[in-house]
Each structure stands twice: as C-alpha cells, then as structure tokens.
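J.: Remember, this note's numbering sits 135 above the position in the sequence shown when you count from 1. Glycine included, C-beta positions come from ideal geometry on N, C-alpha and C.
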Amino acid sequence: MWLAFALLAPLFFAAVHTIDAYCVEELLNKPWMGAITSSIATIVVIFVPLPYLLPFIEFDIPSTHILFLGLTAGLLIQLSQILYFQSLSYSEAGIVAAYWNMIPAILPALSFVLFGHVLATQQYIGIALLIFASTYMLILDSTLRSRIHTFLLMLAACLFQAFAYLAQDVVFEQINFVSGFLLLSIGLIAGGLLPLALQHVRREISSNRKKILLAGKLFVLVEFINVIALICAQRAISLGDPSLVAAIETTIPAFTFINTLLLLAYTKTLGDPRTKHKIHWKFGCIALMAIGVFLVSQTTSALPSV
C-alpha cells in the first residue's frame, strides 16, 4: 500500500509544477504573484472547510517557542515559493522541479554545521551525486542567458526550505501533525499576503485582476492537488521505508517532463518546447538524483517531501 501512495505523490506534484508553469507564463504579469494567488487558494482549500472539520480534529496548544518556529517555517516556505515562481519565468518546469532535489543534500550538511551530526560515508556519496546531477542539469538547461539565475534562485529556495524543515522537525515533535500543519499554513499564508501592504504590489495585482479572477478555479484546483500530493507523501512515509519513498519522490521532475511532452504532442500550443532538448540526459540526471537521495536518507529517520 505504501508504494501506491509513494507513486501517486510524484504524479500529483508533477501536475502542480506543470500548472504553475502555465500560470506564470500565461496568467500572471509578475511571477511573484503566484505566491499571493496560492496563499488565497490555501485559505479556500484548507481554512474554509475547517469549521466543518473541527469536531473531528484534535488540536494541541503550542508554546510561544513552537508558535514562533511554526510561523517562521511557514514564512520561509513562502519565501522559497516566491523564488520558485521567479525561476519558472526563466527555465522549463522540469528543470526547476529537479533543483528541489538539492534539499536532501543541503539538510545533512546543515545538520552537521548547526548540530554537529556526523554524516555516514554513503551520505557523502549521495550528496556528491546530488551536487553532480544538479550541476549537470544546469548545463542541460537550454535557456543560456538565464540558467545561472534559475540555479542560484533555486539554490536559495532550497536553503530556505531546508531551514524550514529543521524548524518543522522541532514543531512536529511538540504538537500533533494537524496542529503543526495548520500553524505552518498560517505562516505560509501570512508570507504570501504581507506584500499586499505595499501600494505598488496592489497596483500590479489590480492590473492583472481580470486574468486572476477568470483563473480563480484553476488556482484553487492546483492548491487542492498540492494538498492531496502532500497527504500521499506523508502517508507513504508513515507506511513504508522513508529512504525508498524519498528516492521515488525524486522522479517528480521526470513526470513533469512527461506532462510537458504530452501537452506538446496533443495540444501543440501548451507545453514547453525546451523540454525536448537532451531529454535523455535529463532523465539520466534524475536517475542519479534518485540514487543520491536514497543514499543520503539511509541513515535519516525521515526525509521531507518537496
């Protein structure tokens, strides 16, 4: 059963990346608007149904320390999302998705620097594979003028996510999953909506209002798919081996490439033609990433989903 959930998660996450790329290219005047629309969609998907679910949910009251960590983690995740949306404006969705696989290499390194956790030999090998595969993916990016920008943006995004995961680890040790998830969501939403306090941001949103309103259902749909993907990923980890689940989740970029190729084949107008560029080498990099993540997560209790 865990394998079914582990395989479903990348399919759903790949759909999210594909739709996000479409939104950035076709619907949003500025890539960072994706953070605002996703925050509003999160309110609709998670918090609108919440009053009806309250009788079935057990909440833990967090301490001030945990409250701060949870909200901070949500803010960091939202910052990483802003960089992610900006990256989608430069490079194809599959390559951007592949860069998220740098997180499993960053996490053990951060744990070593911050907490003195000693890495096993296989973790060093896994990190080396992830660094090599990510660097080679940079070379494969056909967007020559902006590929360095994409890589650096996603490296920063991965760093934000890694710090957020370390904070999440502490949060989920102190309060139950539902309480922690809602706390993170509040931080994420706040991070996405805070820019609306700036006049020039409101002006940009207003100029893009017509397209945003027309695509409102699409924004809600992609957030709903994202929540389903997160549930599948967490369920797979709870039922199976986290190392294997993490390795399977590195296939998200592969499914994203496949989605894009299918769109190109069947619609002729949707999809990104850049995906075809050296596609076999891209799949090879993803395979290396899968091996690298498996090795890195062998001695890790659980690896966060991306």
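What are the start and end residues of the alpha helix (DSSP H) that includes residue 386?
T.: Looking at the DSSP string, residue 386 is not in any alpha helix (DSSP H), and its letter there is neither H nor E.
J.: Check whether the stretch 394-410 and the stretch 246-259 are in contact - that is, three or more C-beta pairs closer than 8 Å.
T.: No, the stretch 394-410 does not touch the stretch 246-259.
J.: Report the rounded CA-to-CA distance for residue 270 versus residue 195, giving the unit in angstroms.
T.: Those two C-alpha atoms are separated by around 43 Å.
J.: Whole angstroms is fine: what's the gap from residue 429's alpha carbon to residue 202's?
T.: Roughly 32 Å separates the two Cα atoms.
J.: Just the Cα atoms here: how many angstroms apart are residue 347 and residue 163?
T.: Distance between the alpha carbons of residue 347 and residue 163 is about 7 Å.
J.: For residue 425, collect the residues of the same chain with a Cβ closer than 8 Å to its Cβ; drop the 5 residues on either side in sequence, then sort them by chain order.
T.: Same-chain partners within the cutoff: 382, 383, 385, 386.
J.: Check whether the stretch 236-243 and the stretch 305-313 are in contact - that is, three or more C-beta pairs closer than 8 Å.
T.: Taking 8 Å as the limit for Cβ pairs, the verdict is that the stretch 305-313 does not touch the stretch 236-243.
J.: To the nearest angstrom, how far is it from the Cα of residue 295 to the Cα of residue 274?
T.: Cα to Cα, the separation comes out at about 24 Å.
J.: With distances taken between CB atoms, is the gap from residue 168 to residue 230 smaller than 8 Å?
T.: Against a cut-off of 8 Å, the Cβ pair of residue 230 and residue 168 comes out as no contact.
J.: Is residue 244 helix, strand or coil by DSSP?
T.: It is helical.
J.: If you drop the 5 nearest sequence neighbours on each side, which residues of the same chain put their C-beta closer than 6 Å to that of residue 421?
T.: Same-chain partners within the cutoff: 388, 389.
J.: Leaving out five residues before and five after residue 441 in sequence, what residues of the same chain have Cβ atoms less than 8 Å from its Cβ?
T.: With a pLDDT of 41 at residue 441, under the threshold of 50, the predicted position of this residue should be treated as unreliable, and no value is reported.
J.: Do we get a CB-CB distance below 8 Å when we pair residue 322 with the residues of chain B?
T.: Of the chains in the structure shown, none is chain B; there is only one protein chain.
J.: Would you kindly work out how many angstroms separate the C-alpha atoms of residue 341 and residue 220, rounded to a whole number?
T.: Taking the straight line from one Cα to the other gives about 19 Å.
J.: Have a look at residue 190 and residue 324 and give me their C-alpha separation to the nearest angstrom.
T.: Each residue's alpha carbon lies about 24 Å from the other.
J.: Across the stretch 318-338 and the stretch 348-356, are there enough close Cβ pairs to call them in contact, namely three or more that are closer than 8 Å?
T.: Not touching, per the Cβ criterion.
J.: By the 10 Å Cβ neighbour count, where 16 or more other Cβ atoms means buried, how is residue 357 classified, buried or exposed?
T.: Buried, because 16 or more other Cβ atoms sit within 10 Å of the Cβ of residue 357.
J.: Hey, residue 222 and residue 290 are a contact pair by Cβ (cut 8 Å); roughly how many whole angstroms apart?
T.: Rounded, the Cβ-Cβ distance is 10 Å, inconsistent with contact.
J.: In whole angstroms, what is the alpha-carbon distance linking residue 419 and residue 268?
T.: Taking the straight line from one Cα to the other gives about 9 Å.
J.: What would DSSP say about residue 252, mapped onto helix, strand or coil?
T.: Correct three-state label for residue 252: coil.
J.: Kindly give me the distance between the Cβ atoms of residue 153 and residue 394, rounded to whole angstroms, as I take these residues to be in contact under 8 Å.
T.: 4 Å between Cβ atoms; contact.
J.: Check for me: the alpha helix (DSSP H) holding residue 338 runs from which residue to which?
T.: Segment 334-342, the alpha helix (DSSP H) holding residue 338.
J.: Near residue 292, which residues of its chain fall below 6 Å by C-beta distance, leaving aside the five closest residues on each side in sequence?
T.: For residue 292, where only same-chain residues beyond five positions count, the Cβ hits under 6 Å are 215, 218, 219.
J.: Using 8 Å as the threshold, is the C-beta distance between residue 276 and residue 226 below it?
T.: Yes, these two residues count as a Cβ contact at 8 Å.
J.: Between residue 272 and the ligand ZN, is the CB less than 7 Å from at least one heavy atom?
T.: No copy of the ligand ZN appears in this structure; indeed no ligand is present at all.
J.: Got a sec? Which residues, its chain only, sit under 6 Å from residue 326 by beta carbon, not counting five neighbours each side?
T.: Around residue 326: 210, 213.
J.: If you count every other CB in all the chains shown that lies within 10 Å of the CB of residue 139, and 16 or more means buried, which is it?
T.: Exposed, since its Cβ has fewer than 16 Cβ neighbours within 10 Å.
J.: For residue 278, tell me which candidate among 228, 204, 366 has the shortest Cα-Cα distance.
T.: Ranking 228, 204, 366 by Cα distance to residue 278 puts 228 first.
J.: Would a C-beta distance cut-off of 8 Å place residue 322 and residue 208 closer than the cut-off?
T.: A contact, by the Cβ cut-off of 8 Å.
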